[in-house]
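One structure is given here, and the rest of the page talks about it.
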Amino acid sequence: MSYQDLLTDRCAVYHLVENQEAGSFGVPGETAYSYPVLSDLQNVSCLFAKESTKVVKEEPGVEIVQSFRVHFLINTDVRFNDKIVLNGTSYRLEIPRNIRGHHIEVTAIRNDLI
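Heads up, the sequence shown is in my numbering, so the first residue is 6 and it goes up one at a time.
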């Protein structure tokens, strides 16, 4: 059994894009960050493992913060602040770690208000 066979989940990866707004009167514009409408990578092999769930009471509702440990193949292009979508749910990636040249491990965070 290969490592790739263990990666049973499939997700889409969106890379964060920097947009420089036009300035005026010699003053540079602001830098805006956004995700593209279409994913940069589709059907990416990965494995989600739940780390923790935290519920925080706030105004106007309750915030759920979940963190997952996500494993990718070594040649997958994942970066800090990428967005991944698994089964319609979005997650933001933390700093990816190369594990001994074998695979990539990264923490994915989900924040939702309910």
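Each residue gets a CB set at the ideal place from its N, CA and C atoms; glycine is no exception.
- [ ] Please name the residue, chosen from D14, E23 and R15, that lies closest to N86 on a Cα-to-Cα basis.
- [x] Your numbering for residue 86 matches position 81 in the sequence shown. Out of D14, E23 and R15, E23 has the C-alpha closest to the C-alpha of N86.
Task: Rounded separation between D82 and G93 - CA only - done: Taking the first residue of the sequence shown as position 1, residue 82 is located at position 77. Taking the first residue of the sequence shown as position 1, residue 93 is located at position 88. If you take the alpha carbons of D82 and G93, they lie about 21 Å apart.
Open item on the list: Going by DSSP in three states, Y19 sits in which element: helix, strand or coil?
Closed with: Translated into the one-based positions of the sequence shown, residue 19 becomes position 14. When secondary structure is reduced to three states using DSSP, Y19 falls in the strand class.
Open item on the list: With a threshold of 8 Å on Cβ separation, who are the neighbours of V67 within its own chain once the five nearest residues in sequence on each side are excluded?
Closed with: On the sequence shown, position 62 is the one that residue 67 refers to. For V67, where only same-chain residues beyond five positions count, the Cβ hits under 8 Å are V60, V61, L118 and I119.
Task: Closest by C-alpha distance to Y40, when choosing among L21, N48, C51 and Q25 - done: Translated into the one-based positions of the sequence shown, residue 40 becomes position 35. Looking only at L21, N48, C51 and Q25, the smallest Cα-Cα distance to Y40 is reached by L21.
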